[in-house]
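Residue numbers (this note's numbering): 657 to 844.
Yeah, the Cβ is synthetic: ideal placement off N, Cα and C, and Gly gets one too.
Report on one structure; see the data block that follows.
Below, the structure written as structure tokens:
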């Protein structure tokens, strides 16, 4: 089995390896200017080697995420939550019962997120699983929220603007993630 370990400027090596050309980077960025263009990239956890099917060669470097049944359920739960939130935001005069239902479903999503964070924390052993989970979760949320304008176009009502809805949903998920991570940390 080929053993390659990223050392030093790990992202430059990944970008120069040619394993997978990033879509939106210019040649200068691939050759090292990415540090100025994407200074926060250096904060990411070190990429893992991704092996071919025979596991005898590194195909590329990245962050492998297993889409377990639990992760699929969490994504479905977040997708349903977006639908509930949008319907609630479109109500002209929401009552206490409407509010109670939305809050209860938010708490259920937070509990699921807490379980996922707890799992990542307990199984980390220095492998940056929490960080990789957050990156994966962020990607899922971005895709789900990216569908909001289409949903609002198909389901107009309440005068809800796309930008307002997207900001409110992003804020809600951000709050849930912070709360879930803190609660999982408290349980450890």
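- Item | Rounded C-alpha distance that separates residue 695 from residue 752 | 46 Å
- Residue interval of the beta strand (DSSP E) (run including residue 790): No beta strand (DSSP E) holds residue 790; the alpha helix (DSSP H) holding it covers 785–802.
- Message: Let me check one thing: in DSSP terms, what residues is residue 716 bridge-paired to?
- Response: 706
- Query: For residue 749, which three-state DSSP category applies?
  - Reply: coil
- Which of the three DSSP states, helix, strand or coil, is assigned to residue 729? helix
- CA-CA distance, residue 782 and residue 690? Distance between the alpha carbons of residue 782 and residue 690 is about 26 Å.
- residue 660: buried (16+ other C-beta within 10 angstroms of its C-beta) or exposed? Here the model assigns residue 660 a pLDDT of 45, short of 50, so the residue's position is not dependable, and the following value carries that caveat. Exposed, by the Cβ-count rule.
- Task: Please check the pair residue 737 and residue 765, which I expect to be a contact at CB under 8 Å, by giving their CB distance rounded to whole angstroms.
- Result: 5 Å
- Would the C-beta of residue 771 count as close to the ligand ZN, meaning under 8 Å from any of its heavy atoms? As far as ligands go, the structure on display features none, and thus does not contain the ligand ZN.
- Message: Rounded to whole angstroms, what is the Cα-Cα separation between residue 826 and residue 844?
- Response: 27 Å
- Just how far apart, CA to CA, sit residue 693 and residue 687? 12 Å
- Task: With a cut-off of 8 Å on the beta carbons, I'd call residue 769 and residue 832 a contact; round off their distance for me.
- Result: 6 Å
- Contact check, residue 728 vs residue 716 under 8 Å by CB: the rounded distance? The pair is not a contact, with the Cβ atoms about 24 Å apart (cut-off 8 Å).
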